[in-house]
Amino acid sequence: MKAAIFEGKGILTLKDILEPKLEDRKFPKKYKKGEFVFVGKDEQVKLKVLVASICGTDLHILNVPPGHDATPGIVLGHEYVGEVTEIGSRVKNVKVGDRVVVDPNIKCGMCYFCRNDMASLCRDMTTLGIFCDGGFAEYNVAPAKQLFAIPKDLDIEKAIFFEPLTCATHAWSKLNFKLGDSVLIFGAGPMGCYFIELARLSGASKIFVSEPSEFRRKFAKKLKADVIISPERENLLEIIKLNTFKNGFFGVDVAVDACGIPEVIKQAMDLVKPGGKISTFGEQNINAFADKVSFTKVTQKELQIIGSYATTRSADQTINILTRSDINLKKLITHRIKLDEIHKGMELMRKGEAIESVVYPK
Ligand SMILES: [Zn+2]
Ligand SMILES: [Zn+2]
């Protein structure tokens, strides 16, 4: 079968490899080099990949030096929808013929974090499509516990948003957003767009989006954000002041970094109202720092800065959201490509000329 293999050092190669089969496997752990997660043949499921999508993390993996770790030699792609073609003898949650979405983060289920509703912090985890084989291929084998069957009538081009949306949903839940709150979202890439939808669903009074790219601002508009700002051409602070000033103070209730630029966290500290909340959702280069952050602001404004990584338990909720008729993230799909054209897809994403690029293995 055809597959896109990560070879290390920024190289992705299309290769013909053997179709995977159900067999006892060991997957390299994410944080503990040289240690493995064992998954027995009985608990595995073989999937025919129906559609996959390119994530910003894939680009980070393919950067030199890489912005994200990955195991060389694996099939890349951690966002995919599949159809079950074979199941192990102990598998109960899915059956042959089911269409499924994939939670790519395989957690141990036994550690302190896994057992205290913080599984995204599991130190023994591994990830399909990053540390072991994923979805840029015709077939994939995954542990059954990572799979969630989707309703028969759910379009796969809606279901493909499952994985990134679970992450956004996790971050959003941690913010404890209240009806009528206002929100400022930094970035209108795919993640920023998901936050616009979640904010609207949560009854936001006003959704502000700050995005330098004109191409991306158009998508924020399509999703009906209320105030869309070009931070390079307009004065973000003045616009927030103008729109939120009341009773002697101004600011949004919540700000979300959906772009991964450290400076926006610093800006957010000025743009949220006293008592406001900031999600540091965007994954930033670990060596990038916001210059001169005053934590006195955090103290005096009693700000809450909330980290969020991957997801703990938002899978079922996310499927429910995707089945809503008023949620149609499909309009974010700018490119539909074949697996053969994956390099072109990566390039479009890199140049910021795509929002969501979906990949069809055949
Ligand atoms: Zn991703
Ligand atoms: Zn664990």
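Position in the sequence shown (first residue = 1) + 250 = our numbering. Just so you know, even glycine gets a beta-carbon here, dropped at the ideal spot from N, CA and C. None of the values given here were measured: they were computed from a predicted structure.
Residues with their Cβ less than 7 Å from any non-hydrogen atom of ligand 2, running along the chain, are Lys357, Cys358, Gly359, Met360, Cys361, Phe363, Cys364, Ala369, Cys372, Arg373, Asp374 and Met375. Looking at the DSSP output, Glu461 shares a beta bridge with no other residue. Note that the C-beta distance between Ile515 and Val522 is not below 8 Å. In this chain, Gly525 is not harboured by any alpha helix (DSSP H); it is covered by the beta strand (DSSP E) spanning Val522 to Ser529. DSSP assignment within the segment 568-611 yields the following whole beta strand (DSSP E) runs of 3 residues or more, N-terminal first: 583-588 and 606-610.
A residue is called buried once 16 or more other Cβ atoms fall within 10 Å of its Cβ, and Pro393 is buried on that count.
Taking 7 Å as the cut-off, one finds at least one heavy atom of ligand 1 near enough to the beta carbon of Pro414. In the structure shown, Lys276 adopts extended strand secondary structure according to DSSP, grouped into three states. Under DSSP, Ile337 shares a beta bridge with Val295.
Judged by the Cβ position, His328 qualifies as a neighbour of ligand 1 at the 7 Å threshold, a heavy atom of the ligand being closer than this.
Under the DSSP assignment, Pro440 falls in the alpha helix (DSSP H) whose first and last residues are Pro440 to Leu451.
In the three-state reduction of the DSSP assignment, Ile478 falls in the strand class.
The beta carbon of Phe363 sits closer than 7 Å to those of Ala369, Leu371 and Cys372, all from its chain and outside the five residues before and after it, given in chain order. With a threshold of 16 other beta carbon atoms within 10 Å, Ile337 meets it and is buried.
Under the DSSP assignment, Lys252 falls in the beta strand (DSSP E) whose first and last residues are Lys252 to Gly258.
CA-to-CA, the gap between Ala508 and Leu448 works out to about 13 Å.
By the CB criterion at 8 Å, Pro462 and Cys382 fall outside the cutoff. For ligand 1, the residues with a Cβ under 5 Å from any of its heavy atoms are, in chain order, Cys305 and Thr307. Residue Val459 holds the alpha-carbon nearest to the alpha-carbon of Val506 among Arg466, Glu464, Val459 and Val548. About 5 Å separates the Cβ atoms of Phe427 and Ser452, confirming a contact at the 8 Å cut-off.
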